[in-house]
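Undergrad:
Number of protein chains: 2
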Amino acid sequence: MARPDSEGIRRKALVNAAIAQVGTSGLDVTVAAIARQAGMSPALAHHYFGGKAQMLEGAMRQILADYSSAVREGLSGSGDRLASIVSASVAPENFRPLTVAAWLVFYVEAQRSDWARRLLRIYQLRLRSNLRHALRSEGHPRAAEAAETVAALIDGTYLRAVTEPRFDGRAAVARILAAVRA
Amino acid sequence: MARPDSEGIRRKALVNAAIAQVGTSGLDVTVAAIARQAGMSPALAHHYFGGKAQMLEGAMRQILADYSSAVREGLSGSGDRLASIVSASVAPENFRPLTVAAWLVFYVEAQRSDWARRLLRIYQLRLRSNLRHALRSEGHPRAAEAAETVAALIDGTYLRAVTEPRFDGRAAVARILAAVRA
DNA sequence: TTTGTTTGATTGATCAGTCAATCAACAGCG
DNA sequence: CGCTGTTGATTGACTGATCAATCAAACAAA
Numbered sequence: 001m002a003r004p005d006s007e008g009i010r011r012k013a014l015v016n017a018a019i020a021q022v023g024t025s026g027l028d029v030t031v032a033a034i035a036r037q038a039g040m041s042p043a044l045a046h047h048y049f050g051g052k053a054q055m056l057e058g059a060m061r062q063i064l065a066d067y068s069s070a071v072r073e074g075l076s077g078s079g080d081r082l083a084s085i086v087s088a089s090v091a092p093e094n095f096r097p098l099t100v101a102a103w104l105v106f107y108v109e110a111q112r113s114d115w116a117r118r119l120l121r122i123y124q125l126r127l128r129s130n131l132r133h134a135l136r137s138e139g140h141p142r143a144a145e146a147a148e149t150v151a152a153l154i155d156g157t158y159l160r161a162v163t164e165p166r167f168d169g170r171a172a173v174a175r176i177l178a179a180v181r182a
Numbered sequence: 001m002a003r004p005d006s007e008g009i010r011r012k013a014l015v016n017a018a019i020a021q022v023g024t025s026g027l028d029v030t031v032a033a034i035a036r037q038a039g040m041s042p043a044l045a046h047h048y049f050g051g052k053a054q055m056l057e058g059a060m061r062q063i064l065a066d067y068s069s070a071v072r073e074g075l076s077g078s079g080d081r082l083a084s085i086v087s088a089s090v091a092p093e094n095f096r097p098l099t100v101a102a103w104l105v106f107y108v109e110a111q112r113s114d115w116a117r118r119l120l121r122i123y124q125l126r127l128r129s130n131l132r133h134a135l136r137s138e139g140h141p142r143a144a145e146a147a148e149t150v151a152a153l154i155d156g157t158y159l160r161a162v163t164e165p166r167f168d169g170r171a172a173v174a175r176i177l178a179a180v181r182a
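These protein sequence lines are chains Z and A, in that order. Take 1 as the starting number for the first sequence in full-length UniProt numbering and just add one per residue. Take 1 as the starting number for the second sequence in full-length UniProt numbering and just add one per residue.
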């Protein structure tokens, strides 16, 4: 064998490249472009992932996993659960332009392919559950309704950040929190 | 000439077909599919629009125009300016699944092509301007901040409606208004 | 005839996926 | 230590399909 765990390394590189390429080129990414950015031949990319769809699915899973772990990490260290969820959502790590762009692409893809819809649904349910829990625990009346509002605000903030050249994460967090705590 | 104003009829049919096809097939629409849905040959579609990009641009312009006229119409007949803007935004006519899907696709496209970014920017600026005006006219303190909140809520509501099988427009309007008037 | 409409056929390019052929490490064996 | 077969890694070349765009020709109204 060439190197130990070559497969793991290659797959990771391909997933990262897929996220970046989807972010820049949208849905019409080519396997060749992903493979090139990951530093290998298109044939090898096909060898490790069954096909293009599986690469994209891997990319979306990675984005979801990164976001989830950021939220979980934030929750564990803070008393203000709501603020930490919102902060993690617009944190620079999850808010890189390429990542946000890839998110958007997956929203589009969710209207056609089952895997994207399923993954997106998991994200939405978990986010809402986290928000309801946070709002209830701080004694918010109508926590369920407020959770919907915050969830929509987070998604809307993502959407606007895509076209906004100047984006102030701090201000966005404050605005979102104010909408349900004012 | 074959029929009077054949060009106008053809172009209108192509734009509508483009919206529908973009909504269902995403970015990778084919000119052939658009032309088929519009009841003509692909070659004729190329004849009336310079190319695929111009068809998509026409589709986005149409969506923007429809949305604008809905908002304008709502504003003219109502005393509650804020409510009429929000209502028009999630009104069934602008909220058809295909239309929302096309919106999303254009958001993605806006990251790459100038025309999409420019059109999207116009929409965003106009929406914010309308919202600020409405909020100021009802004496809202911090109208500018509240306008940002409402704008993000509208966009976020769009985004969530895409994957939400059941969507209650009435409830969404109430929730959005409550977020800035409570 | 002239002018605009319409299409079938074609072209050139692009791309996902496949395959047979190299290449590199390692393990067993003498 | 050298020899060798095995196994996974890697790629260049190819295939089949798809698609945007073009064009010349057919067609219909004025």
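For glycine and all other residues, C-beta sits at the position ideal for the given N, C-alpha and C. Note that the structure is a prediction, hence the values are computed from the model and not measured.
Can you check which of these residues, Z:L27, Z:P42, Z:A147 and Z:H47, is closest to I85 (chain Z) by C-alpha distance?
TA: Checking every option, the nearest Cα to that of I85 (chain Z) belongs to Z:A147.
Undergrad: Exposed or buried, what is L125 (chain A) when buried is set at 16 or more other beta-carbons lying within 10 Å of its beta-carbon?
TA: Exposed is the call here.
Undergrad: Between the C-alpha atoms of D177 (chain A) and A59 (chain A), what's the straight-line distance to the nearest angstrom?
TA: The sequence shown places Leu at residue 177 (chain A), rather than the Asp named in the question. When rounded, the distance between both Cα atoms is 30 angstroms.
Undergrad: Checking contacts by CB at 8 angstroms: is T163 (chain Z) closer than that to chain A?
TA: Interface residue, yes.
Undergrad: Might you give, ordered along the chain, the residues of its own chain that have their beta carbon closer than 8 angstroms to the beta carbon of V173 (chain Z), omitting 5 neighbours on each side?
TA: Correct list, in chain order: A83, V86, S87 and V90.
Undergrad: Mind listing the chain Z neighbours of R112 (chain A)? Cutoff is C-beta to C-beta under 7 angstroms, in chain order.
TA: Those within 7 angstroms of R112 (chain A) in chain Z are G26.
Undergrad: So, F95 (chain A) versus G169 (chain A), is the Cβ gap smaller than 8 angstroms?
TA: Going by C-beta atoms, F95 (chain A) is nearer than 8 angstroms to G169 (chain A).
Undergrad: In the structure shown, what three-state DSSP assignment does H140 (chain A) receive?
TA: The answer is coil: DSSP assigns H140 (chain A) none of H, G, I, E or B.
Undergrad: In chain order, what residues of the segment 143–159 of chain Z put their CB closer than 9 angstroms to some CB of chain A?
TA: Per Cβ criterion, the list reads E145, A146, E148, T149, A151, A152, L153, I154, D155, G156, T157, Y158 and L159.
Undergrad: Counting C-beta neighbours from all protein chains within 10 Å, is the total for A149 (chain A) 16 or more, i.e. buried, or is it exposed?
TA: The question names Ala, but residue 149 (chain A) in the sequence shown is Thr. With 16 or more other Cβ atoms within 10 Å, it is buried.
Undergrad: Helix, strand or coil for R175 (chain A) per DSSP?
TA: Residue state, collapsed to three classes: helix.
Undergrad: In chain Z, which residues lie less than 9 angstroms from V108 (chain A) when you measure between Cβ atoms?
TA: Under the 9 angstroms cutoff, chain Z gives G26, L27, A101, L104, V105, Y107, V108 and V162.
Undergrad: Is the distance from the Cβ of L104 (chain A) to the Cβ of L104 (chain Z) below 8 angstroms?
TA: Going by C-beta atoms, L104 (chain A) is nearer than 8 angstroms to L104 (chain Z).
Undergrad: Check whether the Cβ atoms of A102 (chain A) and G39 (chain A) lie closer than 8 angstroms to each other.
TA: Result no, Cβ atoms of A102 (chain A) and G39 (chain A) do not sit closer than 8 angstroms.
Undergrad: Which residues in the same chain have their Cβ closer than 6 angstroms to the Cβ of Y123 (chain Z), if we skip the five residues on either side of it in sequence?
TA: Taken in chain order, the residues that qualify are L64.
Undergrad: By Cβ distance below 8 angstroms, which residues in the same chain neighbour R132 (chain Z) in space, the five residues on each side in sequence not counted?
TA: Once the five neighbours on either side are set aside, the close Cβ partners of R132 (chain Z) are A143, A144 and A147.
Undergrad: According to a CB-to-CB cut-off of less than 9 angstroms, which residues of the segment 121–138 of chain Z neighbour chain A?
TA: Listed by position along the chain: R121 and Q124.
Undergrad: Please decide whether A179 (chain Z) counts as near chain A, where near means a Cβ-Cβ distance under 8 angstroms.
TA: Interface residue, yes.
Undergrad: Please go through the same chain and pick out, in chain order, the residues whose beta-carbon is closer than 8 angstroms to the beta-carbon of residue 188 (chain Z), but skip the five residues on each side of it.
TA: Residue 188 (chain Z) cannot be examined here, being either before or after the span of chain Z that is shown, 1 to 182.
Undergrad: Can a CB atom of chain Z be found closer than 8 angstroms to the CB of R11 (chain A)?
TA: Chain Z, which has no Cβ nearer than 8 angstroms to the Cβ of R11 (chain A), makes this no.
Undergrad: Does DSSP put M40 (chain Z) in a helix, in a strand, or in coil?
TA: Three-state result, M40 (chain Z): coil.
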